[in-house]
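**Q** Just dropping this structure here.
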Amino acid sequence: MSGLRSGHSYSAAELSPEGDRVVLLDQRLLPHEERYLEFADAASVADAIRDMVVRGAPAIGIAAAYALAVEARRLGGAEWIEGMRAAGQRLLAARPTAVNLRWAVEHMSRDLAHTDADQLRARALAVHDDDVAACRAIGAHGAALLPDEGTVLTHCNAGALATGGFGTALGVVRAAIAAGKRLRVLACETRPWLQGARLTAWELARDGVPVELITDGMAAHYFGRGEIVAVVVGADRVARNGDVANKIGTYTHACVARAHDRPFYVAAPSSTLDPRTATGADIVIEERSGEEVTSFAGTRIAPIGVQGRHPAFDVTPAHLVTRLVTERGVVPGPEAARLM
Ligand code: MRU
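What follows is the structure, encoded as structure tokens:
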């Protein structure tokens, strides 16, 4: 694809030039294959979000915005507003934790009675462009927090593939390296979907950023050896009190970082902040199939009869978040509400 809004040679989500299709990079196939899938209605984009074709909170939001732009063009007649509402509900049901999805659906559904398909297309494109701009601002704010050299730990993928482009956590790393800092990244593999092993490693290696892969349980070892100077992760939702939902395993890293007196930074656009959720206890945690844990790449690894459990996210309490970095500025975790 050419002329991508992401600013990279690849993009998680784009709108076709004609405005009639959502184009998603199938992240399930990375790093082995770079294949784009096209979707002509909102229902099929909702399925793609649920099935992890596109993932990462901001990228899900952008895909939903494009889905509603395509749907507006597709629907006609007097019933189109009802059709848009139904499409929005279907998108919202795809994944419950990332609040960017709700944010994008609500943003696209504003004042539909006085909005036409061309305006919704422009609105969706602006959602994408604003996210890239937010990531760049997050990068600039966050880069200043990192030391001049050392190893940064990250979990899951909060990079270009998870956003409109540039990334949140990986945007911080990219901006710091662009500013001359000599940083390396330890990427946790992120069981069971392996976003770290497949996606973070892919996009950083492509950019020439030094990256090494570890299994999730190895992080404490490297903290103990004093190798990790900071943790930088993304977020799926930040509650009003600063509690952070992010990929399962994030909370463990926050605890170990605190035990070793290392900073734990959360980087996220303001569309991930949720003033309507009071605390982390109020965040709905997506429960995915336990079979994603008991099997690996389609092969059963656990004994038949043993069930798996798969909460896709966990909640890191605000007091463990050294700084929350958004495009609006930087605050200690418990002061998140100041940025909402
Ligand atoms: O299940 P995923 O891959 O959608 O989970 C993604 C994460 O947890 C990311 O860290 C988060 O969405 C932030 S992406 C900038």
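Residue numbering for the sequence shown follows the working numbering, starting at -19 and increasing by one per position.
Note that beta-carbon positions come from the ideal geometry of N, C-alpha and C, so glycine has one too.
What you are looking at is a predicted structure, and each value in this text was computed from that prediction instead of being measured.
To the nearest angstrom, how far is it from the Cα of Ala44 to the Cα of Tyr245?
**A** Rounded to the nearest angstrom, the two C-alpha atoms are 27 Å apart.
**Q** Determine contact between the region 194 to 213 and the region 225 to 234, defined as no fewer than three beta-carbon pairs at a distance below 8 Å.
**A** Contact holds: three or more Cβ-Cβ distances are below 8 Å.
**Q** Under 8 Å, with one C-beta from each stretch per pair, do the region 127 to 145 and the region 157 to 172 reach the 3-pair mark?
**A** Enough Cβ pairs lie closer than 8 Å, so yes.
**Q** Quick check: the region 186 to 203 against the region 230 to 244, are at least 3 beta-carbon pairs closer than 8 Å?
**A** The answer is yes - the region 186 to 203 touches the region 230 to 244, with three or more Cβ pairs under 8 Å.
**Q** Comparing C-alpha positions only, which one of Val273, Leu174, Thr232 and Ala20 sits nearest to Thr8?
**A** Note that residue 8 is Arg in the sequence shown here, rather than Thr. When only C-alpha atoms are compared, the closest one is Leu174.
**Q** Would the C-beta of Arg35 count as close to ligand 1, meaning under 7 Å from any of its heavy atoms?
**A** Arg35 Cβ: within cutoff of ligand 1.
**Q** Which residues mark the beginning and the end of the alpha helix (DSSP H) in which Val153 is found?
**A** Element bounds for Val153: Ala149 to Ala158.
**Q** Please state the DSSP three-state secondary structure of Thr134.
**A** Residue state, collapsed to three classes: strand.
**Q** Can you find the residues in the same chain that come closer than 6 Å, C-beta to C-beta, to Gly145, ignoring five residues on each side of it along the sequence?
**A** If we look at Gly145 and ignore the five residues flanking it on each side, its Cβ neighbours are Ser(-14), Gly(-13), His(-12) and Val112.
**Q** Ignore the nearest five residues each way along the sequence and tell me which others in Ile263's own chain have a CB closer than 7 Å to its CB.
**A** For Ile263, where only same-chain residues beyond five positions count, the Cβ hits under 7 Å are Thr77, Arg217, Ala219, Ala225, Thr257 and Val295.
**Q** Under the criterion of a Cβ to heavy atom distance below 7 Å, does Gly214 qualify as lining ligand 1?
**A** Yes; taking the cut-off as 7 Å, the Cβ of Gly214 has a heavy atom of ligand 1 nearer than that.
**Q** For a minimum of 4 consecutive residues, which ranges assigned as the alpha helix (DSSP H) are wholly contained in the region 161 to 225?
**A** Correct list: 181 to 187 and 199 to 204.
**Q** Mapping the DSSP letters down to three states, classify Gly232 as helix, strand or coil.
**A** Checking the sequence, you will find Thr at residue 232 rather than Gly. DSSP places Thr232 in helix when its eight states are reduced to three.
**Q** Could you pull out every residue in the same chain whose Cβ sits closer than 6 Å to the Cβ of Ser89, ignoring the five residues on either side in sequence?
**A** Gly68, listed in sequence order.
**Q** For Arg308, collect the residues of the same chain with a Cβ closer than 7 Å to its Cβ; drop the 5 residues on either side in sequence, then sort them by chain order.
**A** Excluding residues within five positions, the ones whose Cβ falls inside 7 Å are Ser250 and Leu319.
**Q** By the 10 Å Cβ neighbour count, where 16 or more other Cβ atoms means buried, how is Phe276 classified, buried or exposed?
**A** The residue is exposed, with fewer than 16 neighbouring Cβ atoms inside 10 Å.
**Q** When you compare the region 186 to 198 with the region 49 to 63, are there three or more beta-carbon pairs, one atom per stretch, that lie closer than 8 Å?
**A** At 8 Å Cβ cutoff, the stretches do not touch.
**Q** Which full runs of the beta strand (DSSP E) of 3+ residues lie inside the region 286 to 315, going along the chain?
**A** As far as the region 286 to 315 is concerned, its whole beta strand (DSSP E) runs of at least 3 residues are 293 to 296, 303 to 306 and 309 to 311.
**Q** What I want to know is whether the C-beta of Trp182 ends up closer than 7 Å to one or more non-hydrogen atoms of ligand 1.
**A** No; taking the cut-off as 7 Å, the Cβ of Trp182 has no heavy atom of ligand 1 nearer than that.
**Q** Just list the alpha helix (DSSP H) runs in the region -16 to 16, keeping only unbroken ones of 4 residues or longer that don't cross its boundaries, in chain order.
**A** Those alpha helix (DSSP H) runs which fall completely within the region -16 to 16 and span 4+ residues do not exist here.
**Q** Does the region 149 to 163 come into contact with the region 32 to 49, if we say contact requires no fewer than three beta-carbon pairs (one atom in each stretch) closer than 8 Å?
**A** Taking 8 Å as the limit for Cβ pairs, the verdict is that the region 32 to 49 does not touch the region 149 to 163.
**Q** Please classify Ala158 as buried or exposed, where buried requires at least 16 neighbouring CB atoms within 10 angstroms.
**A** It is exposed - the Cβ of Ala158 has fewer than 16 other Cβ atoms within 10 Å.
**Q** Can you tell me whether Leu173 sits near ligand 1, meaning its C-beta is under 7 Å from at least one heavy atom of the ligand?
**A** The question names Leu, but residue 173 is Trp in the sequence shown. Result yes, Cβ under 7 Å from ligand 1.
**Q** Grouping DSSP H, G and I as helix and E and B as strand, with all else coil, what is Leu81?
**A** Helix, per DSSP.
**Q** Classify Ser(-9): buried if its beta carbon has 16 or more other beta carbons within 10 angstroms, exposed otherwise.
**A** Result: buried.
**Q** So, are the CB atoms of Arg70 and Ala140 less than 8 Å apart?
**A** Going by C-beta atoms, Arg70 is not nearer than 8 Å to Ala140.
**Q** Quick one, which of His299, Ile281, Glu315 and Glu266 has its alpha-carbon nearest Arg75's?
**A** The shortest Cα separation from Arg75 among His299, Ile281, Glu315 and Glu266 belongs to Glu266.
**Q** Given Ala93, which residues of its chain have a CB within under 8 Å of its CB, disregarding the five upstream and five downstream residues?
**A** If we look at Ala93 and ignore the five residues flanking it on each side, its Cβ neighbours are Ile61.
**Q** For Ile118, does the count of other Cβ atoms within 10 angstroms reach 16, so buried, or fall short, so exposed?
**A** So Ile118 ends up on the buried side.
**Q** Tell me whether Thr148 counts as near ligand 1, meaning its Cβ is closer than 7 Å to at least one heavy atom of that ligand.
**A** Answer for Thr148: yes, Cβ within range of ligand 1.
**Q** Measuring only from the beta carbon, is Pro38 closer than 7 Å to any heavy atom that is part of ligand 1?
**A** Yes, since a heavy atom of ligand 1 falls inside the 7 Å radius drawn around the Cβ of Pro38.
**Q** I think Thr274 touches Val286, with their Cβ atoms under 8 Å apart; what is that distance to the nearest whole Å?
**A** Going by Cβ atoms, the distance from Thr274 to Val286 rounds to 7 Å, so yes, they are a contact pair.
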